[in-house]
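*Asks:* Shown below is the structure under consideration.
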Amino acid sequence: MKENHSISICIKNEDQTRKLAKILAARIRPGCLILLDGTLGTGKSTLARHMIRSLLNQPELEVPSPTFLLVLPYENEEYSILHADIYRIEHPEEVEELGLLENEKAIVIVEWPQRAPWLEDEADLVIHMTMDKGETGRLIRMEAPGNPDLLEQAELDLASLKSE
Ligand SMILES: Nc1ncnc2c1ncn2[C@@H]1O[C@H](COP(=O)(O)OP(=O)(O)OP(=O)(O)O)[C@@H](O)[C@H]1O
Ligand SMILES: [Mg+2]
C-alpha cells in the first residue's frame with residue numbers, strides 16, 4: 632500500500648487559486664469525490680467555482696455558493712458535477728439522503744465534509760484550506776487517500792505553481 636502522501640502549497644491570491652483549480656481539474660476524472668475542508672471564508676467555494684469552470688471549460692460560468700440549496704448540479708456531455716455545501720446539515724444521515732454518491736460517474740465536490748465524517752473513507756482528494764499571510768494568502772494541503780496517482784500526476788504542475 633502506498634503511504635498517504637500530502638502536498639502543501641501557499642497560494643498568494645485568487646488568481647493562484649484559479650491556477651491550482653485548473654491543475655487539479657486536469658487530473659480529476661468522472662466518479663471522483665473531492666472534499667474541501669476549511670473554516671468560514673477560507674476559499675472553498677472559490678476553489679470549487681474555478682474547478683467547475685475549468686472542468687466544463689466555461690471560464691465565465693456563474694457558480695454560486697450552494698450554502699442555501701445544499702447541492703447545485705452542473706453537467707457536460709460526459710458527466711455531471713455536484714457541488715455541495717453541507718454546513719447547514721445537522722445529522723450525518725441527512726447527507727446520505729442527498730444522494731451525493733448515487734451517480735457513479737458524477738464528480739462530487741463537498742464543502743464542510745466534517746459534517747459527515749464517513750465521506751472521508753470514499754474521498755479521492757481531500758483539500759484542507761487555512762488562512763495564510765495577508766488577506767489573500769491561503770495555505771493548502773492536499774491528500775489523495777483513494778487515488779494517490781491523482782496528486783502524483785499533478786506534482787510537476789504544482790511545483791511550477793509553487794515557484795511563481
Ligand atoms: N487566495 C484566495 N483564494 C480563494 N479565495 C480568496 C483568496 N483570497 C481571498 N479570497 C476571498 O475569500 C473569500 C472566500 O470566500 P468563499 O466563499 O470561497 O469561502 P468559503 O470557504 O467557501 O466560505 P464558507 O465557509 O462560507 O463556505 C472570497 O471573497 C474570495 O474572493
Ligand atoms: Mg463556501
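In my numbering, the protein residues as written are 632 to 795.
For each residue, glycine too, the CB sits at the ideal point set by N, CA and C.
Note that the coordinates shown come from a computational prediction; the quantities given were computed from them, not determined experimentally.
Can you list, in chain order, the residues of its chain whose CB lies under 8 angstroms from that of E786, leaving out five sequence neighbours each side?
*Replies:* Residue numbering aside, residue 786 sits at position 155 when the sequence shown is read from its first letter. Correct list, in chain order: I638.
*Asks:* By how many angstroms is the C-alpha of D668 removed from the C-alpha of H759?
*Replies:* The residue you call residue 759 lines up with position 128 of the sequence shown. The residue you call residue 668 lines up with position 37 of the sequence shown. Going from the Cα of H759 to the Cα of D668 covers about 5 angstroms.
*Asks:* What first and last residue would you give for the beta strand (DSSP E) that runs through T677?
*Replies:* In the sequence shown, counting from the first residue as 1, residue 677 sits at position 46. Judged by DSSP secondary structure, T677 falls outside any beta strand (DSSP E) and instead within the alpha helix (DSSP H) spanning K675 to L687.
*Asks:* Examine ligand 1 and report whether any of its heavy atoms sits within less than 7 angstroms of the Cβ of R769.
*Replies:* Indexing the sequence shown from 1 puts residue 769 at position 138. Because some heavy atom of ligand 1 lies under 7 angstroms away, the Cβ of R769 counts as near it: yes.
*Asks:* Just to confirm the assignment, what range does the alpha helix (DSSP H) spanning T648 have?
*Replies:* As a first step, residue 648 is located in the sequence shown; it is residue number 17 there, counting from the start. Segment E645 to A656, the alpha helix (DSSP H) holding T648.
*Asks:* Roughly how many whole angstroms lie between the Cα atoms of M632 and P661?
*Replies:* For the purposes of this step, residue 632 is identified with residue 1 of the sequence shown, where counting begins at 1. For the purposes of this step, residue 661 is identified with residue 30 of the sequence shown, where counting begins at 1. Low confidence applies to M632: its pLDDT is 42, below 50, so where it sits in the model is not reliable enough to give any reading.
*Asks:* Only counting the same chain, and skipping five residues up and downstream in sequence, which positions put a Cβ closer than 6 angstroms to that of R658?
*Replies:* Walking along the sequence shown from the start, residue 658 turns up at place 27. Within its own chain, the residues whose Cβ lies closer than 6 angstroms to the Cβ of R658, once the five positions on either side in sequence are excluded, are L781, Q784 and A785, listed in chain order.
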